[in-house]
Amino acid sequence: MNHPLAEGFFRMEKLPHIWCPGCGHGIIMASIARAIDKLGLDKDKVCIVSGIGCSSRAPGYMDFNTLHTTHGRALAFATGVKLANPELEVIVIAGDGDLSAIGGNHLIHAARRNIGLTTICFNNNIYGMTGGQYSPTTPTSEKGTTAPYGNIDKPFDITQLAIGAGATYAAKTTAYHVPQMDKLMEAAIAHKGFSLVEAISICPTYYGRKNKKGSAVDMMNFLKDSFIDHKVAEKLPPEKKEGKFLIGEFLNKVEPEYTEQYDKIIAQLKK
Amino acid sequence: MAKKVKFLQGNEACVEGALMAGMTFYSGYPITPSTEIAELSAEKLPRIGGKFIQMEDEIAGIAAAIGASLTGAKAMTATSGPGFSLKQENIGYAALAEVPVVIVNVQRGGPSTGLPTAPGQGDLMQAMWGTHGDHPVICLTPDSVKETFDLTIRAFNLAEKYRTPVILLTDEITGHMREKIEIPDASEIEVYNRIKPNQGDEYKAYKVYDGDLVPKMADFGSGFRYHVTGLMHDETGFPSNSTKNAGVLMNRLMAKIEDNLDDLITYEEVEVADAEYLIVSYGGTARTAKAAIKTLRNEGIKVGLFRPITVWPFPEKQVAELSKKVKNILVAELNYGQMVREVERVVKGNCDVRHCGKANGEVLTPEELIRAFKEVL
Ligand SMILES: Cc1ncc(C[n+]2csc(CCOP(=O)(O)OP(=O)(O)O)c2C)c(N)n1
Ligand code: SF4
Numbered sequence: 001m002n003h004p005l006a007e008g009f010f011r012m013e014k015l016p017h018i019w020c021p022g023c024g025h026g027i028i029m030a031s032i033a034r035a036i037d038k039l040g041l042d043k044d045k046v047c048i049v050s051g052i053g054c055s056s057r058a059p060g061y062m063d064f065n066t067l068h069t070t071h072g073r074a075l076a077f078a079t080g081v082k083l084a085n086p087e088l089e090v091i092v093i094a095g096d097g098d099l100s101a102i103g104g105n106h107l108i109h110a111a112r113r114n115i116g117l118t119t120i121c122f123n124n125n126i127y128g129m130t131g132g133q134y135s136p137t138t139p140t141s142e143k144g145t146t147a148p149y150g151n152i153d154k155p156f157d158i159t160q161l162a163i164g165a166g167a168t169y170a171a172k173t174t175a176y177h178v179p180q181m182d183k184l185m186e187a188a189i190a191h192k193g194f195s196l197v198e199a200i201s202i203c204p205t206y207y208g209r210k211n212k213k214g215s216a217v218d219m220m221n222f223l224k225d226s227f228i229d230h231k232v233a234e235k236l237p238p239e240k241k242e243g244k245f246l247i248g249e250f251l252n253k254v255e256p257e258y259t260e261q262y263d264k265i266i267a268q269l270k271k
Numbered sequence: 001m002a003k004k005v006k007f008l009q010g011n012e013a014c015v016e017g018a019l020m021a022g023m024t025f026y027s028g029y030p031i032t033p034s035t036e037i038a039e040l041s042a043e044k045l046p047r048i049g050g051k052f053i054q055m056e057d058e059i060a061g062i063a064a065a066i067g068a069s070l071t072g073a074k075a076m077t078a079t080s081g082p083g084f085s086l087k088q089e090n091i092g093y094a095a096l097a098e099v100p101v102v103i104v105n106v107q108r109g110g111p112s113t114g115l116p117t118a119p120g121q122g123d124l125m126q127a128m129w130g131t132h133g134d135h136p137v138i139c140l141t142p143d144s145v146k147e148t149f150d151l152t153i154r155a156f157n158l159a160e161k162y163r164t165p166v167i168l169l170t171d172e173i174t175g176h177m178r179e180k181i182e183i184p185d186a187s188e189i190e191v192y193n194r195i196k197p198n199q200g201d202e203y204k205a206y207k208v209y210d211g212d213l214v215p216k217m218a219d220f221g222s223g224f225r226y227h228v229t230g231l232m233h234d235e236t237g238f239p240s241n242s243t244k245n246a247g248v249l250m251n252r253l254m255a256k257i258e259d260n261l262d263d264l265i266t267y268e269e270v271e272v273a274d275a276e277y278l279i280v281s282y283g284g285t286a287r288t289a290k291a292a293i294k295t296l297r298n299e300g301i302k303v304g305l306f307r308p309i310t311v312w313p314f315p316e317k318q319v320a321e322l323s324k325k326v327k328n329i330l331v332a333e334l335n336y337g338q339m340v341r342e343v344e345r346v347v348k349g350n351c352d353v354r355h356c357g358k359a360n361g362e363v364l365t366p367e368e369l370i371r372a373f374k375e376v377l
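In order, the protein sequence lines correspond to chains A and B. Residues 1 to 271 (the working numbering) make up the first sequence, in order. Residues 1 to 377 (the working numbering) make up the second sequence, in order.
Next comes the structure, spelled out in structure tokens:
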């Protein structure tokens, strides 16, 4: 028997998906579907836009208006969709490379405009689709096929980048912390204005293998042990926080949304 | 109905035409000598409930236009040389995903930043071959302000009809020149709108149903939940690795153009009936050619002009026919030889073919063209 969520929100005939066993991307995709379900959105009014990458294949499996664009450009296409029809709930799915390397410029400008798009970054710290090259979120000294001696770049914190650029909702979670992820997803989609959820994913095939991180289960355990909610962390003594990464909701504020501002101009001119 | 007479720049006429054709969305990035198109769109669109957005670069400009088009909007983006280079990847996307969009390139001088305020015609081949992979292309070039108006409308109509990006290739000459133009009443203008599926009908997003030229295009949000991708896809729109399927799709995309040349190709002929010599020229440079032909005719030389208005697909049949009647063809264009290659290709040695051009940011003067012509004589 199929899962009711799958029946309601996925294109069953397009499954199974292309992802490797143990890949974290499917967990994040399912969380997006649960959030849409929870919010009771009209499927016909949901548009999911992606770029190019393993993560960007998700929209093809999802039963909405779906747009698989060019590498890095999902937010720019999505901006056109949203501005032309603000009635649509537009969700952007992007890998860390897609969103913060080739698409970095579109990310900061979409955030700056505070346009009503929800961006879900599937961050596996590597270029998965092209076979394991280092990305802007690969930690320093880790390896990729193009960083055989260790990465000397400094990584981006995508959540902080979005906040710095003007996003009005920003959160980070992981593929292990599913109940938290579900809540953040829901809040981000419900948010008016530019929202971003950075979901740490795992790529056992390339990142894991290249950096000797063990099996997919080992990588999941790493997420479980190394990430804690920043509100929980606040109450912990410093020694318990050492080496931990913070997750949770980092920003949630109200500011004028771009398409509404534009509609005000239209209304003004009609007078 | 009284006609509105205006004194407009080519770039302004482009916006007037776009609005007449039903443009409701513009997204782009400013660049000389195309900027007036963005400025006027920014002013006019919100007045009719349309949308304008200045994006962060030209890649985003065309991307947003394609996104808007998928919701049912008629969308345009305008640029020049460097920006046209940046748009190439997504022009290919629109061609493969079959999304109507109009791209205006007001050509300027030179490669790179070149001569921003000077004319050039160096992007003719880029308009055809700029994006990677084989793909259909429709590209139109006006030689006057009025024709810029007319061809902008035609560009939208063809984009809607053929579900493909259409390039309006103007140049700094026609873009910035001012001429008197009569704006026709909306009732006199033929506007084509894309065919949409009916609610309740079976809908495969990339299937051509009987009697149609292209697949029906549903607006995002109208109840047909379908998938759009730049990967090779099947009739449902979903990615497919099948080479057989890719062949079917590519053949269909190319045939849209190749099977409809008579509908797509327009051109102007001046004094060709008795011509012994032919000048081929297009866009702003065709104006020089028209002046040169007048002078040469006054001297008793039987010379005519063939001006492709549709430059892609190239009017092969027409040029090939003419090449059998004349002794020589001189191709005049502001570059080191682009259209001349097409002319040579289709003339197949029927007559002598020469080139007259330059790319230093100056226009070609009638005197220069006459000198070049007389060297041929
Ligand atoms: C313009 C362009 N450059 C490069 C590529 C090749 N490419 C495809 S996916 C990708 C990176 C994918 O990594 P990421 O966005 O992190 O997603 P993941 O596959 O890891 O989910 C690259 C470089 C491309 N398709 N287009
Ligand atoms: S390569 Fe990595 S990111 Fe891509 S599907 Fe496999 S595990 Fe997932």
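Beta carbons are placed, not taken as given, at the ideal position from N, Cα and C, and that holds for glycine. Nothing here was measured: the structure is a model prediction, and the numbers come from that model.
Open item on the list: Does P155/A come out as helix, strand or coil in the three-state DSSP assignment?
Closed with: In this structure, P155/A counts as coil in the three-state DSSP scheme.
Task: Straight-line Cα distance separating T152/B from L63/A - done: In the sequence on display, residue 63/A carries Asp and not Leu. For D63/A and T152/B, the distance between alpha carbons rounds to 37 Å.
Open item on the list: With the cut-off set at 8 Å, would you say F77/A and V46/A are in Cβ contact?
Closed with: Cβ atoms of F77/A and V46/A: not closer than 8 Å.
Open item on the list: For the stretch 79-94 of chain A against the stretch 108-115 of chain B, do three or more pairs of beta-carbon atoms, one drawn from each stretch, fall closer than 8 Å, so that the two count as touching?
Closed with: no
Open item on the list: I'd like to know whether the C-beta atoms of N105/B and A127/B end up nearer to each other than 8 Å.
Closed with: yes
TODO: Tell me where the beta strand (DSSP E) around H68/A begins and ends.
DONE: 65-68
Open item on the list: For a cutoff of 8 Å on Cβ pairs, would you count A78/A as touching chain B?
Closed with: By this cut-off, A78/A is an interface position.
Open item on the list: What does the alpha-carbon distance come out to for the pair G284/B and E268/B?
Closed with: Linking G284/B to E268/B through their CA atoms gives a straight-line distance of about 14 Å.
Open item on the list: Using a Cβ-Cβ distance cut-off of 8 Å, determine whether F64/A contacts chain B.
Closed with: So yes, F64/A belongs to the interface.
TODO: Taking only beta carbons into account, state which residues of the stretch 64-83 of chain B come closer than 9 Å to chain A, listed in chain order.
DONE: Listed in sequence order: A64, A65, I66, G67, A68, S69, L70, T71, G72, A73, A75.
Task: Neighbourhood of Y336/B by C-beta distance below 7 Å, restricted to the same chain and skipping five residues each side - done: Within the same chain, and ignoring the five residues on either side of Y336/B in sequence, the residues whose Cβ sits closer than 7 Å to its Cβ are G357, A359.
Open item on the list: Given the structure, does N124/A come close to ligand 2, in the sense that its CB is under 7 Å from one of the ligand's heavy atoms?
Closed with: yes
Open item on the list: Quick check on A60/B - is its C-beta less than 8 Å from some C-beta in chain A?
Closed with: yes
Task: Buried versus exposed call for L296/B [16 or more other C-beta atoms within 10 Å across all chains shown] - done: L296/B comes out buried.
- [ ] Flag this pair as yes or no: are the beta carbons of H135/B and T66/A separated by less than 8 Å?
- [x] no
Open item on the list: Can you list, in chain order, the residues of its chain with a C-beta nearer than 6 Å to that of A289/B? Leave out the 5 residues immediately preceding and following it.
Closed with: I279, S281, L305, A332
Task: Same chain, Cβ closer than 6 Å to A68/B, neighbours up to 5 away in sequence not counted - done: So the qualifying residues of the chain are F25, A75.
TODO: State yes or no: is the beta carbon of T146/A nearer than 8 Å to at least one beta carbon in chain B?
DONE: no
- [ ] Hey, could you find the ends of the beta strand (DSSP E) M250/B is sitting in?
- [x] It is not in any beta strand (DSSP E) - M250/B instead sits in the alpha helix (DSSP H) that spans 243-258.
Open item on the list: Need the endpoints of the alpha helix (DSSP H) that F373/B sits in, please.
Closed with: 366-376
Open item on the list: For the structure I just gave you, are there three or more beta carbon pairs, one from the stretch 48-66 of chain B and one from the stretch 175-193 of chain B, closer than 8 Å?
Closed with: Fewer than three pairs of CB atoms, one per stretch, sit closer than 8 Å, so the stretch 48-66 of chain B makes no contact with the stretch 175-193 of chain B.
Task: Close Cβ partners of P313/B (< 7 Å) along its chain, the five nearest in sequence each way excluded - done: I257, L261, L264, I265
- [ ] Check whether the stretch 188-203 of chain A touches the stretch 111-121 of chain A, taking contact to mean three or more Cβ pairs, one atom from each stretch, closer than 8 Å.
- [x] yes
TODO: Kindly indicate if chain B contains any beta-carbon less than 8 Å away from that of T69/A.
DONE: yes
Open item on the list: Check whether chain B comes within 8 Å of E87/A, counting only Cβ atoms and requiring the distance to be less than that.
Closed with: yes
TODO: Please look up how many angstroms separate the CB atoms of A97/B and G230/B, rounded, as I've assumed it's under 8 Å.
DONE: Sure, about 6 Å apart at Cβ, within 8 Å.
Task: Simplified DSSP state of D143/B, which is helix, strand or coil - done: coil
Open item on the list: Using only CA atoms, which one of Y277/B, G361/B, E368/B, I293/B lies nearest to N350/B?
Closed with: Closest by alpha carbon: Y277/B.
- [ ] Indicate whether A94/A and S31/A have their beta-carbon atoms separated by less than 8 Å.
- [x] Against a cut-off of 8 Å, the Cβ pair of S31/A and A94/A comes out as no contact.
- [ ] Can you tell me which of the three DSSP states E268/B falls into?
- [x] strand
Open item on the list: Residues in the same chain with beta-carbon distance under 6 Å from M129/A, minus the five sequence neighbours each way, listed in chain order, please.
Closed with: G53, C54
TODO: With hydrogens ignored, establish whether the beta-carbon of E390/B is closer than 7 Å to any heavy atom of ligand 1.
DONE: The requested residue 390/B is not part of the displayed model; chain B covers only 1 to 377.
Open item on the list: According to DSSP, F122/A sits in a beta bridge with which residue or residues?
Closed with: Partner(s): G95/A, A199/A.
TODO: Could you please tell me which residues of the stretch 96-113 of chain A, in chain order, have their CB closer than 7 Å to any CB of chain B?
DONE: Here the close residues are N105, H106, H109.
TODO: Please look up how many angstroms separate the CB atoms of K6/B and I181/B, rounded, as I've assumed it's under 8 Å.
DONE: 6 Å
Task: Boundaries (first-last residue) of the alpha helix (DSSP H) holding Q54/B - done: That residue, Q54/B, is in no alpha helix (DSSP H); its beta strand (DSSP E) goes 51-54.
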